[in-house]
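**Student:** Reading the sequence shown from the start, the letters are residues 1 to 512 in my numbering.
Idealized CB from N, CA, C, for every residue including glycine.
Because the structure is a prediction, the values reported are computed rather than measured.
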Amino acid sequence: MNLLMDEVFRVVLANKIVRRSLPGLLQALGQDQVDALAGVQRHQADIFHIFLCYLAGSVLVESGRGDPNQPSEFWIDGLRALAGRNDDCAWELVVEDPTKPAFMQPPAPSKQIFETDYKPKAETPDSLDVLQSAKNHDLKATRARKSDIEAWVLALIGHQTASGFLGQGKFGIARMNGGFGSRVCVGWKANSRSGMRFHRDVKVLLAHRKTLLKAPYPYVDGGLTCLWIEPWDGKTGLSLSQLDPFFIEVARRIRLVDCGSIVALGTTSKTTRIAAQALKGNVGDPWTPIKVSSSSALTPSANGFHPGLLRNLIFQDDYELSPVQIPTSNEGSGWFCASSLVRGQGTTDGFREASIRVPARVQPILFGGGNARDRLAELSKIGLEMAAGVQNKCLRPALYALMEGGPDSVNFGKREISVWVGSQSRSFLTAWQPLYFDWLWTTLDAEDDVAALRPWVQNLKGLARDVLEKAFRSCPSRNGRGYRAISLANGIFFGGLYKNFADYMEEKNDGH
């Protein structure tokens, strides 16, 4: 299967699903004809987008052009030139000779080593995909058909460009903070169309290239780009100074073979493919925010992209963003988006994503600096503190009192009760988090900070009250203490509100 000639990818064009080759897909994206990519799963979408941007950017650099809107013939010639070979094996999914490159599959040092060292690894595409996502977190494992060529292509891209450490000899990519980090994608979208995003990001990537070719980055113009073309014995790694800034890496030694159906074979390596562990993922990838205090790539926690992290990213509070992630003043409204398959040490915490709608009138303030942005940043921080305050100073103490049957002194140390209170508190988090940024944008119209914050506190109060009311109906009660428990819980809840948020309570009597 030759990706340059064969129509592998399912593309929705004008509400019809058609097949396109890799050059045909690049043409359709450059012309903004793509309604959707039918074969791409959500956890693959951003990884595939980054791959295509680096690939297209590399071809455009080689040709001296800057416009991603090009015909398929241009992309065919450009991809062949990028591989630098007199054959198409670098773009073929299965190549019989293991000492030649295949798509996203580096050559083995010799046929003998291939025959002795490479062992069966995956019989279906999804069991090869970013490995720990195949443990039934977001998708059922090994459900893909063995013959699905498109699925194999996407699985190879995910496996080679987004994998982390997974045991001895299975190292991860350079564009994450260590083997237990996560490959993240943070960027800007004007809308949901893949073509518009592709066109924008490729052009911004090309403009950003001159920064990546300067210190502190060691990249070289015309360095290695498609790393699967280079032989790899598993014993040595490449230095960044050998690479082009648009390099497309391969993390593992993988080969696909045809045994009646496609099977993936693999072997271990003694080191990472790219020798850059000391940089902790800070290698200039424009879709990866950098945490300034540690000079390392962003690694989301198990909580994913919660409002606190998103707030710090969007206001660049201890995080540095690239031009790909920041819209220009004339781009108008859009979405600040983030995604990652969150990993840990021997764990996978699932696919996490978030999108923040940024209205046209907010965008230049948010990304343009000045007093209005500083005020917005301060209010955003106070808003998060208030949400934590309502939860920890009002709702949780009330829930403890309720569960303990209205004691004279609340005991916060009982594990069983703490588990129940935690589950109730998460309902509150789930309720307020989607509303946070929509509230924040409304503060631009407020006369002063108190007027800006009062609606937020009232909203938090109502959401927390809903959680408490549901707990009244579902909480196990002790005989004869139900009324006392509810009364004390109410007293603690509203007492906490008026003690901590008196300036933001409604002036009229709300009945409590």
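Which term fits Gln391, buried or exposed, when burial requires 16 or more other beta carbons within 10 angstroms of its beta carbon?
**Tutor:** When all chains shown are included, Gln391 counts as buried.
**Student:** Is Phe246 closer than 7 angstroms to Gly57 when the C-beta atoms are compared?
**Tutor:** Yes, Cβ-Cβ distance for Gly57 and Phe246 is below 7 angstroms.
**Student:** Please determine, among Val94, Tyr498, Asn459 and Ile229, the residue with the shortest C-alpha to C-alpha distance to Leu384.
**Tutor:** Ranking Val94, Tyr498, Asn459 and Ile229 by Cα distance to Leu384 puts Asn459 first.
**Student:** When we look at the beta-carbon of Val202 and count the other beta-carbons within 10 Å, is it buried (16 or more) or exposed?
**Tutor:** Buried, because 16 or more other Cβ atoms sit within 10 Å of the Cβ of Val202.
**Student:** Where Gly334 and Thr236 are concerned, what is the direct C-alpha to C-alpha distance, given to the nearest angstrom?
**Tutor:** When rounded, the distance between both Cα atoms is 44 angstroms.
**Student:** Any idea what DSSP makes of Pro245, helix, strand or coil?
**Tutor:** DSSP places Pro245 in strand when its eight states are reduced to three.
**Student:** On a Cα-Cα basis, can you pick out the residue from Ile157, Gln433 and Glu123 that is closest to Gln44?
**Tutor:** Gln44 has its Cα closest to that of Ile157, out of Ile157, Gln433 and Glu123.
**Student:** Is Cys394 close to chain D? Criterion is C-beta to C-beta, closer than 7 angstroms.
**Tutor:** The chain inventory of the structure shown lacks chain D, comprising one protein chain alone.
**Student:** Output the residue ranges of the beta strand (DSSP E) runs that lie fully inside the segment 156-240 and measure 3 residues or longer, sorted by chain position.
**Tutor:** Taking only runs of at least 3 residues, the beta strand (DSSP E) segments lying wholly in the segment 156-240 are 184-189 and 224-226.
**Student:** What residue range does the beta strand (DSSP E) around Val18 cover?
**Tutor:** Taken as a continuous stretch (DSSP letters only), the beta strand (DSSP E) holding Val18 covers Lys16 to Arg20.
**Student:** So, at 6 angstroms on beta carbons, what are the nonlocal neighbours of Pro68 in its own chain, with the 5 sequence-adjacent residues on each side left out?
**Tutor:** The answer, listed in chain order, is Gly30, Ala56, His199 and Val202.
**Student:** Assign Ile356 to one of three DSSP states: helix, strand, or coil.
**Tutor:** Note: Ile356 maps to strand in three-state DSSP.
**Student:** Is the distance from the Cβ of Pro109 to the Cβ of Asp233 below 7 angstroms?
**Tutor:** Cβ atoms of Pro109 and Asp233: closer than 7 angstroms.
**Student:** Give the straight-line distance between the Cα atoms of Ile356 and Gln316, rounded to the nearest whole angstrom.
**Tutor:** Whole-angstrom Cα-Cα distance: 15 angstroms.
**Student:** With respect to the beta strand (DSSP E) encompassing Ala122, which residues constitute its N-terminal and C-terminal limits?
**Tutor:** Run containing Ala122: Lys119 to Ala122, per the beta strand (DSSP E) assignment.
**Student:** Take Pro218 as the anchor and find which of Ser239, Ile365, Ile229 and Val204 has the nearest alpha-carbon.
**Tutor:** With distances taken between Cα atoms, Pro218 lies closest to Ser239.
**Student:** Pull up the distance between the alpha-carbon of Arg516 and that of Ser425, whole angstroms please.
**Tutor:** The structure shown does not extend to residue 516, since the chain is modelled only from 1 through 512, so no value can be given for it.
**Student:** As an exercise, report each continuous beta strand (DSSP E) stretch of at least 3 residues that is fully enclosed by the segment 40-102, in chain order.
**Tutor:** Entirely contained in the segment 40-102, not one beta strand (DSSP E) run reaches 3 residues.
**Student:** Need the endpoints of the beta strand (DSSP E) that Arg537 sits in, please.
**Tutor:** With the chain represented from 1 up to 512, any question about residue 537 goes unanswered, as that position is not in the structure.
**Student:** For my contact list, Glu206 and Gly66 are in at a C-beta cut-off of 8 angstroms; report their separation, rounded to the angstrom.
**Tutor:** Before going further, note that residue 206 is Leu rather than Glu in the sequence given. Right, the Cβ-Cβ distance comes to about 6 angstroms (below 8 angstroms), so this counts as a contact.
**Student:** Can you look up Ile274 in the DSSP assignment and give me helix, strand or coil?
**Tutor:** It is a strand residue.
**Student:** In the DSSP output, what is Lys291 paired with across the bridge?
**Tutor:** In DSSP, Lys291 forms a bridge with Ser296 and Tyr319.
**Student:** Straight-line CA distance for Arg54 to Thr442?
**Tutor:** The sequence shown places Tyr at residue 54, rather than the Arg named in the question. Approximately 38 angstroms, taken between the alpha carbons.
**Student:** Alpha carbon to alpha carbon, how far is Ile486 from Gly179?
**Tutor:** So the alpha carbons of these two residues sit roughly 49 angstroms apart.
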